[in-house]
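Participant: Chains R and D supply the protein sequences, listed in that same order.
Reminder that position 111 of the first sequence reads as 111 in the numbering used here, one-by-one numbering, no gaps.
Basically the numbering used here = 1-based index in the second sequence + 214.
Protein chains: 2
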Amino acid sequence: MKSASKRDRILDTAEILFAERGFDGVTLRQIAEGANVDVALASYHFGKKLDLFRAVFMRRAPEINSARREALEQAKQAAGEQGLTVEPIIEAFLRPLELAQETGDKGWENYLALIAYINNSPYWGQQMMSEAFDELVEEFIDALRAALPNAQDSDLYWCYNNLSGALTLTFARTGRIDHLSKGLCRSDDFRAAYDHMIPFVAAGFREVCGKHND
Amino acid sequence: MKSASKRDRILDTAEILFAERGFDGVTLRQIAEGANVDVALASYHFGKKLDLFRAVFMRRAPEINSARREALEQAKQAAGEQGLTVEPIIEAFLRPLELAQETGDKGWENYLALIAYINNSPYWGQQMMSEAFDELVEEFIDALRAALPNAQDSDLYWCYNNLSGALTLTFARTGRIDHLSKGLCRSDDFRAAYDHMIPFVAAGFREVCGKHND
DNA sequence: CATGCTATTCAACGTTTGTTGAATACACAA
DNA sequence: TTGTGTATTCAACAAACGTTGAATAGCATG
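1) If you check the beta carbons only, do R/V56 and R/E15 fall under 7 Å apart?
2) By DSSP, does D/V240 sit in helix, in strand, or in coil?
3) Suppose contacts are defined by Cβ-Cβ distances below 7 Å. Is R/P96 in contact with R/A143 by that definition?
4) Do you know offhand how far R/F140's Cα is from D/G239's?
5) Evaluate the contact criterion for the segment 387 to 398 of chain D versus the segment 195 to 210 of chain R: three or more CB pairs, one atom per stretch, below 8 Å.
6) Once you ignore the five residues that flank D/S217 on each side, which residues in its own chain have a CB closer than 6 Å to its CB?
7) What first and last residue would you give for the alpha helix (DSSP H) that runs through R/W158?
8) Taking D/W372 as the query, report the chain R residues whose CB atoms sit under 9 Å from its CB, ordered along the chain.
9) Please name the residue in D/E345, D/A406, D/S257, D/S368 whose C-alpha comes closest to that of R/C159.
10) Is R/M128 close to chain D? Criterion is C-beta to C-beta, closer than 7 Å.
11) Taking the straight line between their C-alpha atoms, what separation do you get for D/Q244 and D/S344?
12) Cβ atoms of D/S368 and R/C185: under 7 Å apart, would you say?
13) When you compare only the Cα positions, how much space is there between R/D134 and D/A254?
14) Identify which residue in D/D226, D/K396, D/F404 has its Cα closest to the Cα of D/R273.
15) What's the C-alpha gap between D/F267 and D/W338?
16) Using Cβ-Cβ distances below 8 Å, what residues of the segment 6 to 17 of chain R are close to chain D?
17) Would a C-beta distance cut-off of 7 Å place D/V300 and D/A361 closer than the cut-off?
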């Protein structure tokens, strides 16, 4: 990160700090200090503070979307003519994030924590999340609708809401589960988190949206 | 709220604003203005800003805990000798919150949105949440362990993590599901939210923690 | 009425905030 | 070398921040 351009260092540092403390909990001076850069440079490159926040948020979204889309496409290929069932769809939605977190690139961990913050904030929540991710989410809902032909649409959306909540809490890595389980589970054990989340969520969809065709 | 004591009006207003914008997104002057009170009064009653935040957070926690504990006790009575199954345990954990949100007391809605904010914040998350709720959560984990005798403890905690995430996203009422579903689902339709969450979560627990004895 | 205690306001403090305009450094083309 | 545009720093702004000490009001009890 030392050799990256100053513009990128601002983005990287802002990503870390916004993920930890939220938009209002971070000052431009803290970001500038962390990036070893003058305060005014952030304004020069990104404009207002809110524009910097948006830039951080939008930077990695396309990569997530394409990774998920590709995983869904591969699952469809693998399923062949008999069509997709629930579990591979959920798997395609979630595993790319585990992979992102396991790259060792702390940037991804921070970015996903930032998403957790935004997704659960009534103030920031709806607009940015929808703008960045809803188009692709619809593709997954379509796949789930095909796999669960007896489901009502409202059931599918409510189930997606449960999925989204479980996922973003994992992003946040608050360490609460570490404390609650007395060290038995660790918030940063991504493998364990997703290995438990995928069957959990898939079973929930099947239960609520009808077990037929599965 | 007009006739409440000024001290209470500060708490009520702080609850609203903290839930919307988080700790750093709200100023003491905004709180004072909303409560129709001088700025210095908040410091007089509560000390530092952070102490006010804690006071807001801790105010309603005991009421949630006792409502949940009572619901669990009633479920145990109803189950009799054959012991509790998963679904009534989840129901006892979740329904009291639906009831709180349906009282029409906006204070409860705001408070739960505040919990959503804290639970997903790596900065605030662990300490306050654990302090307020973990003791009671352990009682529910115990009940689930009895209902799922083949479960490993780590499985139970990971499943609780999924439950916690789904629940707190519902608390946040970000309106994203309204947009995503094109109005088919509404974030403030608590009945629908819990009616979908309870079977979803119960099925997840049974799937991950073994279907035996259920 | 006087006394004492709590609640509330007033006024001000020293910092810190986001943002900006001018000044400087840098890179590269002519 | 000179010129030009971009990148970066410097210095400063007005506004807003949390917090505090002293002053005032309200209200019980004596």
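All C-beta atoms, glycine included, are put in the ideal place defined by N, C-alpha and C.
Facilitator: On the basis of the data shown:
1) yes
2) coil
3) Judged by beta-carbon spacing, R/A143 lies beyond the 7 Å limit of R/P96, meaning their Cβ atoms are not closer than that value.
4) 34 Å
5) no
6) Below a pLDDT of 50, predicted positions are generally treated as unreliable, and D/S217, at 49, falls in that range; the measurement from the model is reported next regardless. Answer for D/S217: no residue qualifies.
7) 153 to 172
8) Near D/W372 (Cβ distances below 9 Å), the residues of chain R are I177, S181, C185, A192, A193, D195, H196, M197, F200.
9) Relative to the Cα of R/C159, the nearest Cα in the group D/E345, D/A406, D/S257, D/S368 belongs to D/A406.
10) no
11) 29 Å
12) yes
13) 45 Å
14) D/D226
15) 11 Å
16) For the segment 6 to 17 of chain R, there are no residues whose beta carbon sits under 8 Å from a beta carbon of chain D.
17) yes
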